[in-house]
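Chains as they are written, first to last, in our numbering: chain A, 1 to 113; chain B, 1001 to 1116.
Even for Gly, the Cβ is constructed at its ideal location relative to N, Cα and C.
As the structure is a prediction and not an experimental result, all values here were calculated from the model.
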């Protein structure tokens, strides 16, 4: 079975400082992993995805994530937080045989001016 | 804008009632997925359709059902509603069945259901 664990339910950073949102996965095979963002009262938007190509994945809005098999991690980072980054972030793993998504519990990012 | 549309945006109804949520996938996408987002359960996969046929079921209650029509739009039917069914219901679409996983899903804005 596949699952993801988001290690922090809330993260607070100051504007202009780095962002780190942590995600660990569990999978019996090489997984497909995604990060989605949900702004208040909005749908989910894809930030980036990993599908067994390059382990360092670049996404939109300056976000990137690194797939580390040895640590079973897929942490999301951004060098400098912007006020518009305040949102809920979800780490997702997809089922190999059908593409159904399994979501982490989410990390709420607060950016302090 | 993802290209996935959902109607209605908001729905308020009473316990015991039945409602239908509608989803139109992105142009060209054949797979439709339904998810429920609630405070206590988080985001959960409910059901997937591909080109009119059911492909996979997740944590979908027997009171809930779905279908995908020939024009590829999908409807999620929720019956005998209970207070606990209050949630945000998302529809997503992808190009195909994603038989090897890793296909991007594009999400609609959701339907917020409130059961009183």
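Query: Identity of the residues DSSP links to residue 87 of chain A by a beta bridge; Result: A:109
Query: Which residues DSSP lists as bridging residue 49 of chain A, in chain order; Result: A:34
Query: CB of residue 1088 of chain B within 8 Å of CB of residue 1115 of chain B, strictly; Result: no
Query: According to DSSP, residues forming a beta bridge with residue 100 of chain A; Result: Per DSSP, none; premise fails for residue 100 of chain A.
Query: C-alpha gap between residue 1052 of chain B and residue 1109 of chain B, whole angstroms; Result: 22 Å
Query: Complete alpha helix (DSSP H) runs within the segment 1026-1085 of chain B (minimum length 4 residues, chain order); Result: none
Query: Through-space distance from residue 74 of chain A to residue 1062 of chain B, alpha-carbon basis; Result: 35 Å
Query: CA nearest to the CA of residue 2 of chain A, picked from A:44, A:88, A:31 and A:79; Result: A:31
Query: Counted within 10 angstroms of its Cβ, other Cβ atoms place residue 1028 of chain B as buried (16 or more) or exposed; Result: exposed
Query: Interface residues of the segment 39-64 of chain A facing chain B [CB-CB below 9 Å]; Result: 41, 42, 43, 44, 45, 46, 49, 50, 51 and 52
Query: Those residues which DSSP pairs with residue 145 of chain A across a bridge; Result: Past the boundaries of the shown model lies residue 145 of chain A; chain A is included only from 1 to 113, so the question cannot be answered.
Query: Of the listed residues A:69, A:90, A:113 and A:98, nearest to residue 5 of chain A (C-alpha basis); Result: A:90
Query: Beta bridge counterpart(s) of residue 26 of chain A as assigned by DSSP; Result: A:3
Query: Sequence-distant residues of the same chain with beta carbon closer than 6 Å to residue 1020 of chain B, five excluded per side; Result: 1075 and 1077
Query: Segment contact, 8 Å Cβ cut-off, at least three pairs: the segment 80-88 of chain A with the segment 13-31 of chain A; Result: yes
Query: Chain A within 8 Å of residue 1074 of chain B, Cβ atoms only; Result: no
Query: Chain A contact for residue 1068 of chain B (CB, 8 Å cutoff); Result: no
Query: Residues that residue 1006 of chain B bridges to, as DSSP identifies them; Result: B:1023
Query: Chain A contact for residue 1033 of chain B (CB, 8 Å cutoff); Result: yes
Query: Within-8 Å CB hit, residue 102 of chain A to chain B; Result: yes
Query: Where the segment 78-101 of chain A meets chain B: residues whose CB sits under 7 Å from a CB there; Result: 90, 94, 95, 96, 97, 98, 99, 100 and 101
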